[in-house]
Amino acid sequence: MQRTLLALAFATLPGFAVAAGLASSIGAVTVYQDRAVVTRSASSELPAGEHELVLEKLPATLQDNSLQVSAKSTGQATLLDVKVRDAYQVDTANERVKQLEDQVRKIQGQQAALDDEAAVLDNQRELVAMMQRGATEPAKDGPRPTLEDLKAIQALSADTLNRTLAGLRRVAEQREDLDRQLTAAQGELGQLQGQLNRRTKTVTLRVNLARAGKLDLNVSYAVAGARWTPAYDARLRPADRSVDLGYFGVIRQNTGEDWNNVKLTLSTARPSLGGGAPKLNPWIIDVAAPPPPMPAPVAAAAPVMRSDARAKLAPKAQAEMAYIDAVPEPEPAQVSTAEVQSAATSASFQIRTPATLPSDNSVQRVAITTAKLPATLQYQSTPALRETAYLTAQASNNTEFPFLAGTLNTFLDDAFVAASAMKAVMPGEKVELAMGADDGISIKRQLVNRFTESTGFSGNGKRVTYEYKITVKNNKATKEQVTFKDRLPVSRNEKIEVKLLSPADRDIKREDDGVLAWNLELEPGKSRDTTLKFSVDYPGNIDVAGL
8 MQRTLLALAF ATLPGFAVAA GLASSIGAVT VYQDRAVVTR SASSELPAGE
58 HELVLEKLPA TLQDNSLQVS AKSTGQATLL DVKVRDAYQV DTANERVKQL
108 EDQVRKIQGQ QAALDDEAAV LDNQRELVAM MQRGATEPAK DGPRPTLEDL
158 KAIQALSADT LNRTLAGLRR VAEQREDLDR QLTAAQGELG QLQGQLNRRT
208 KTVTLRVNLA RAGKLDLNVS YAVAGARWTP AYDARLRPAD RSVDLGYFGV
258 IRQNTGEDWN NVKLTLSTAR PSLGGGAPKL NPWIIDVAAP PPPMPAPVAA
308 AAPVMRSDAR AKLAPKAQAE MAYIDAVPEP EPAQVSTAEV QSAATSASFQ
358 IRTPATLPSD NSVQRVAITT AKLPATLQYQ STPALRETAY LTAQASNNTE
408 FPFLAGTLNT FLDDAFVAAS AMKAVMPGEK VELAMGADDG ISIKRQLVNR
458 FTESTGFSGN GKRVTYEYKI TVKNNKATKE QVTFKDRLPV SRNEKIEVKL
508 LSPADRDIKR EDDGVLAWNL ELEPGKSRDT TLKFSVDYPG NIDVAGL
């Protein structure tokens, strides 16, 4: 009692620092692609003087050098210093772990109750067996049971035994179900406990108040174990030639603390790349030094030559021995590491509604924005590889949001079509969305002719001619744009000459590596035939690979 009064007396002295646990809550989180920045807030009414305020059970992944503290007070507060240290807890602060631990204990309690019930039922079954043996094996001096007595005992034992066996079957079924529940709960608990440990961080702030007043604190820190990736839903509306694009952030976090009802921001910045471009080291070139000659092989069992024996050798032999001693030992080769190259944009997406994300690495998708993009529809095909037309929607990013590279789910109205990927698209740039295969446009490619002939006055040359027929038909009720591509052989030898015979250059677009592109506009129900014909000339005394 005297110690308690003495502590209270010291606590009331002005300027005396008293460590006090301060309750705090997470108000805002900014998630990056490789970490998160958490902002906690706390308030306290404090008397004048110096105080130590302690924030406990912060995650062990807290990066000490990222800690930032801001304070406001009506008592003219001064922040003196901030200290971070490791702490170890008897129990974990993770709510999901606590729930699983409670669930495991509850299931184990139910299993114990079933064991007790099974023991009682086994006792009843044994009692019935004893009763039946007593009826059929009476004592020597006792009266033998009558037929009516045996029938009554048989009916009673049969009824009791049926109920007992039914109870044992029910207990076995319930135990099997509880075993499954326990295995699942223990598996999830083990996974979470493997990600978390009992180590936490404690932050101690020392402040001084000139006068009594309210102190409002904001503490922010970076933690590992959080990330987000972009995802998109593109719904094509053919009736009005537009795409409804949904932009989402897919978030995972196992930082060691739950985020409950927080203000969430997604950032495209990548802090791991640093603040500036990497510095180039000099690129040194010089005359290569000749490799040293290999030392003469020495027998493993040869005796070691003593210094006095070496002195008796001829001068030339002494010089050779000195050279062998001077050859350096081989060293491990240095591994060349790759340099990281930075991409160029950074933006922050503030999610309008508060979010709750438990620290269990579960997936949560939040909406970033939606946009209606007017689109130009075009069909693309490569019939040499697959006789299928694929619909693409070409639009422009008319929003102020940068579209980062991510997964893309495409829908035709509300029917799922395909899953693909979307490239990064900045505001104002063109975006091409793959909308999947469409049987409304049919395309066929047929080899019409392939023949070989001799060329030249003496017939020493050879010519191989290919002819393909490509048919495209629009089976839809609207006029459509169709682009398809094919290829010519590409010669890597001046003696091998490739000539395009059909179509004319004005009807196609030549691309790199012999790729040819056709752009057609087809009316509803109409078809178009085109011919791809080319020849390959080469001397007859050489063999050509690839034909």
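The sequence shown begins at 8 in my numbering and counts up by one.
Built from N, CA and C at the ideal position, the CB exists for glycine as well.
These numbers come from a predicted model, not from an experiment.
Start and end residues, beta strand (DSSP E) containing residue i
i, result
"L411", "No beta strand (DSSP E) holds L411; DSSP gives it neither H nor E."
"N405", "Careful: N405 lies outside any beta strand (DSSP E) and carries neither H nor E."
"S31", "Run containing S31: none; DSSP gives neither H nor E here."
"D445", "It is not in any beta strand (DSSP E) - D445 carries neither H nor E in the DSSP assignment."
"V424", "422 to 429"
"W235", "233 to 244"
"V61", "56 to 65"
"N268", "266 to 274"
"S498", "Note, S498: premise wrong, no beta strand (DSSP E); not H, not E."
"A78", "75 to 80"
"K506", "504 to 509"
8 Å contact criterion, which residue i and residue j should meet: CB distance rounded
i, j, result
"A428", "V269", "Not really, about 30 Å apart at Cβ, beyond 8 Å."
"L29", "L60", "5 Å"
"N261", "S366", "5 Å"
"R457", "Y473", "5 Å"
"Q401", "E436", "Their Cβ separation, rounded to whole angstroms, is 12 Å, which puts Q401 and E436 out of contact at 8 Å."
"S73", "Y228", "5 Å"
"V471", "V543", "5 Å"
"T211", "K90", "5 Å"
"N481", "L529", "4 Å"
"N215", "E57", "5 Å"
"S279", "D41", "5 Å"
"R244", "D420", "7 Å"
"G263", "A94", "Between A94 and G263 the Cβ distance is about 13 Å, and since that is not below 8 Å, they are no contact."
7 Å CB neighbourhood of residue i in its chain, flanking five on each side removed
i, result
"V522", "K492, R494"
"R452", "P390, A391, E394, Y475, I477"
"K79", "D223"
"T485", "P531"
"V424", "T417, F418, M442, G443"
"S77", "N225"
"P546", "N467, G468, K502"
"S249", "K379, L380, P381, A382"
"G553", "P496"
Cβ neighbours of residue i in the same chain (closer than 6 Å, five flanking residues each side left out)
i, result
"L128", "T171, G174, L175"
"E124", "V178"
"Q131", "T171"
"R359", "none"
"A192", "L107, Q110, V111"
"A43", "V36, V230, A233"
"Q188", "I114"
"P54", "A219"
"Q75", "S227"
"A49", "L29, S31, L224"
For residue i, the residue or residues it bridges with in DSSP
i, result
"Y95", "R206"
"A555", "No answer is possible for residue 555: it lies beyond the span of the chain, which begins at 8 and ends at 554."
"E439", "Q401"
"T609", "Examination of residue 609 is not possible in this model, given that the chain is present from 8 through 554 alone."
"I450", "V479"
"K379", "D251"
"D493", "L523"
"S3", "In the structure as shown, the chain starts at 8 and stops at 554, and residue 3 therefore has no counterpart that could be examined."
"Q387", "Y397, T490"
"I258", "W235, Q371"
"Y473", "R457, F541"
"D536", "T478"
"V44", "T37, A229"
"D88", "R213"
"L419", "L243, A422"
"S2", "Look at the range of the chain in this structure, 8 to 554, and you will see that residue 2 is not part of it."
"G468", "T462, P546"
"R513", "Paired residues: none, contrary to the question."
Contacting residues, own chain, Cβ-Cβ under 8 Å from residue i (five flanking each side not counted)
i, result
"A426", "T414, L415, N416, T417"
"P297", "none"
"E336", "With a pLDDT of 48 at E336, under the threshold of 50, the modelled position of that residue is not reliable, and no figure is offered here."
The segment 218 to 225 touching the segment 375 to 384, judged by at least three CB pairs closer than 8 Å:
no
Do the segment 242 to 254 and the segment 78 to 95 meet, that is, are 3 or more Cβ pairs less than 8 Å apart?
With a cut-off of 8 Å, the segment 78 to 95 and the segment 242 to 254 do not count as touching, because too few Cβ pairs lie within range.
Can you find at least 3 beta carbon pairs, one from the segment 411 to 425 and one from the segment 512 to 522, that sit closer than 8 Å?
Output reads no: the segment 512 to 522 does not touch the segment 411 to 425.
Would you be able to state if there are at least three C-beta pairs under 8 Å between the segment 440 to 450 and the segment 389 to 401?
yes
Is it a yes or a no for the segment 536 to 543 touching the segment 498 to 508, going by three-plus beta-carbon pairs under 8 Å?
yes
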